[in-house]
Amino acid sequence: MATLIRNRRIETGNPRSPEAGEVVRLEPHEDPAGVAARLATAARVEVNFPKFGDGRGYSIARLLRERYGYGGELRAVGEVARDNLSYLESAGFDAFELRDGEDPTEALAAFDDFSEAYQASAKRPVPLFRRRPA
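Going letter by letter, the sequence shown gives residues 2 to 135 in our numbering.
Rendered as structure tokens:
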């Protein structure tokens, strides 16, 4: 059974349990514009990563957060591994359904792999060179 990490915490229970509202699921080949009208009432949006090397979900996450203003739970599902978590969070994901076999405690450590990112992200829209100490 897959393990869910939400807001940097390991969640117990069924990661697929329904919330109040619709769950929107996007596959890598789908355009998020097609679900834009449903985002306001969505309980969460799931973006599928069918294989480890498929990075299209990162772009989908950035579009959902930045272009369409989605502020709800954005969950990465499918082949989600520890090595992806820091990058997925930078793209805008805040929940991660780990693939089978991943150690959730070890996966949490991935968020501390990098102390700073040079480039802008969904989480920090200002790049490092623009962030000056006051």
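Where is the CB? At the ideal position from N, CA and C, for every residue including glycine.
### Query
Who pairs with GLU98 in a beta bridge, going by DSSP?
LEU5
#### Entry: Any C-beta of chain C under 7 Å from that of PHE112
Among the protein chains of the structure shown there is no chain C, as only one such chain exists.
### Message
For GLU67, report the span of its beta strand (DSSP E) as first-last.
### Response
Per DSSP, GLU67 belongs to no beta strand (DSSP E) and is neither H nor E.
#### Entry: Uninterrupted beta strand (DSSP E) stretches inside the region 18 to 85 (no shorter than 3 residues)
23 to 27, 43 to 50 and 74 to 79
### Cutoff 8 Å; reference ARG9; Cβ partners in own chain excluding five residues on either side
LEU109 and PHE112
### Query
So, using beta-carbon positions, are PRO98 and ALA3 closer together than 7 Å?
The amino acid occupying residue 98 in the given sequence is Glu; Pro does not appear at that position. Closer than 7 Å, so yes.
### Task
Would you kindly check if the distance between the Cβ of GLU103 and the Cβ of ARG83 is under 7 Å?
yes
#### Entry: Straight-line gap, GLY58 to ASP95 (C-alpha atoms, nearest Å)
13 Å
### Of the listed residues ARG100, TYR88 and GLU47, nearest to VAL81 (C-alpha basis)
ARG100
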